[in-house]
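Counting from 1, position 235 in the sequence shown corresponds to residue 235 in UniProt numbering; the numbering is continuous, with no gaps.
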Amino acid sequence: MGVRGRATGLRRASVLAALLVNAAHAYAPPATRRPRRAPGVTVAKYRGPKQEMDYLDVLADGSDAWRLDDDIIGTLNRGGVGVIPTDTSYSFVARVDSKAAVQRLLALKGDENRKKPLSLLCADLGTIDEYTRYTSKRTFKLLKAALPGPYTMILPASEALPRMIYKGGARRWKRDTVGVRIPDDPVCAHILSQVDGPLFCSSVPTSDDGDQLVCRLPLEGDAQTWCALVDFVVDAGARPIEGSTVYDLASDDAPAILREGLGPPVH
Numbered sequence: 001m002g003v004r005g006r007a008t009g010l011r012r013a014s015v016l017a018a019l020l021v022n023a024a025h026a027y028a029p030p031a032t033r034r035p036r037r038a039p040g041v042t043v044a045k046y047r048g049p050k051q052e053m054d055y056l057d058v059l060a061d062g063s064d065a066w067r068l069d070d071d072i073i074g075t076l077n078r079g080g081v082g083v084i085p086t087d088t089s090y091s092f093v094a095r096v097d098s099k100a101a102v103q104r105l106l107a108l109k110g111d112e113n114r115k116k117p118l119s120l121l122c123a124d125l126g127t128i129d130e131y132t133r134y135t136s137k138r139t140f141k142l143l144k145a146a147l148p149g150p151y152t153m154i155l156p157a158s159e160a161l162p163r164m165i166y167k168g169g170a171r172r173w174k175r176d177t178v179g180v181r182i183p184d185d186p187v188c189a190h191i192l193s194q195v196d197g198p199l200f201c202s203s204v205p206t207s208d209d210g211d212q213l214v215c216r217l218p219l220e221g222d223a224q225t226w227c228a229l230v231d232f233v234v235d236a237g238a239r240p241i242e243g244s245t246v247y248d249l250a251s252d253d254a255p256a257i258l259r260e261g262l263g264p265p266v267h
């Protein structure tokens with residue numbers, strides 16, 4: 001075979017090889033891409049006795065809170081339980097309409113605190129209006145003046161509140177009232193604006209010396225107990241340990257302060 005014949009044969013072989021490669025690519029299944037985490041969010045994994053926990057650091061001013069959307073919002077919407085910051089403390093949270101998540105939240109409270117009521121974290125006054133019943137203009141003015149802020153407002157519960165909490169073996173909401181909050185915290189506010197509905201909450205416990213047992217890595221002491229039972233922790237830095245100021249607005253009587261906390265009296 002002459003030089004020209006060999007060159008022609010090589011060209012044909014190259015073209016055939018290229019066609020075979022293209023065909024293989026065309027019929028190959030698409031590659032599975034691993035999701036990329038946005039830079040600036042520190043994610044650590046703590047593997048407890050039963051599950052793996054996401055530990056995420058964000059800025060206290062909420063400027064990078066949008067980076068929580070995939071991990072935290074997705075977990076909450078799927079019925080997860082976690083820890084988020086508020087303007088008064090860190091709190092265990094769960095979706096209000098997830099029965100399994102609420103039972104996990106009650107278990108986290110422990111036997112001594114299980115009978116204490118859960119509060120409702122709300123994104124806005126419209127959400128409070130949906131889950132409570134009030135008609136007093138005075139109550140509305142007080143809510144508008146105090147919220148967002150370090151206050152818990154006790155109001156009559158509406159029928160929208162799921163009847164899922166056990167009392168005497170019956171699954172029902174065991175109280176005629178519910179405490180509602182709109183925290184003045186940018187990280188918490190972002191989470192509430194993105195999740196599907198309000199969140200039940202309960203404060204993370206404190207140690208004997210008054211420090212809140214915020215879940216830090218490496219885990220030490222009592223924090224190991226509850227950290228193994230949550231799906232995630234959002235760490236936005238130090239938070240005050242003092243609780244919210246609690247107002248009783250459940251009756252037609254004048255508003256009464258049941259507990260003095262971070263919030264000053266509202267007039």
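Each residue gets a CB set at the ideal place from its N, CA and C atoms; glycine is no exception.
Given the structure is predicted, the values throughout are model-derived calculations rather than measurements.
Option in the options with minimal Cα separation from residue i
i    : options                : result
S203 : D185, G263, S119, D253 : S119
L59  : R239, P156, V230       : R239
T75  : A65, D57, P85, A94     : A94
I72  : D235, L262, A250, G263 : D235
Y131 : K137, K141, L155, D61  : L155
C201 : P186, L258, G82, R78   : G82
N77  : D124, S193, K109       : S193
A101 : L199, Y247, T206       : L199
L161 : M153, V187, D176, Q103 : D176
V178 : K99, F140, V246, T206  : V246
Y90  : S244, P264, R133, D248 : S244
I128 : G237, K116, P264, E159 : E159
A157 : P117, R138, G237       : P117
C188 : L121, K137, G110, R104 : L121
Neighbourhood of residue i by C-beta distance below 7 Å, restricted to the same chain and skipping five residues each side
i    : result
A254 : none
E242 : T88, G261, L262
G197 : R95, V96, D97
P186 : D61, G62, A65
A38  : Confidence in A38 is poor, its pLDDT being 30 and thus under 50, which makes the residue's placement unreliable; the coordinate value appears in the next sentence. Answer for A38: R67, listed in chain order.
Neighbour-count burial assignment, residue i, 16 or more Cβ in a 10 Å radius
i    : result
G126 : exposed
T86  : buried
S251 : exposed
G80  : buried
A123 : buried
A256 : exposed
P264 : exposed
L258 : exposed
Own chain residues within Cβ distance below 6 Å of residue i, not counting five before or after
i    : result
V41  : The predicted model places V41 with a pLDDT of 33, which falls under 50 and marks its position as unreliable; any figure quoted below should be read in that light. Result list for V41: L56, R67, in chain order.
Y151 : S244, T245, G263
T237 : For the sequence presented, residue 237 should be read as Gly rather than Thr. So the list reads A60, once near-sequence residues are dropped.
Beta-carbon proximity list for residue i, same chain, < 8 Å, skipping 5 on both sides
i    : result
H190 : G62, A65, W66, L68
T135 : none
L108 : V81, F92, S202, W226, L229, V230
F232 : M53, D54, Y55, L56, D71, I72, T75, G80, G82, V83
L142 : M153, Y247, L249, P255, V266
Are at least three pairs of beta-carbons, each pair with one atom in the stretch 128-147 and one in the stretch 175-195, less than 8 Å apart? yes
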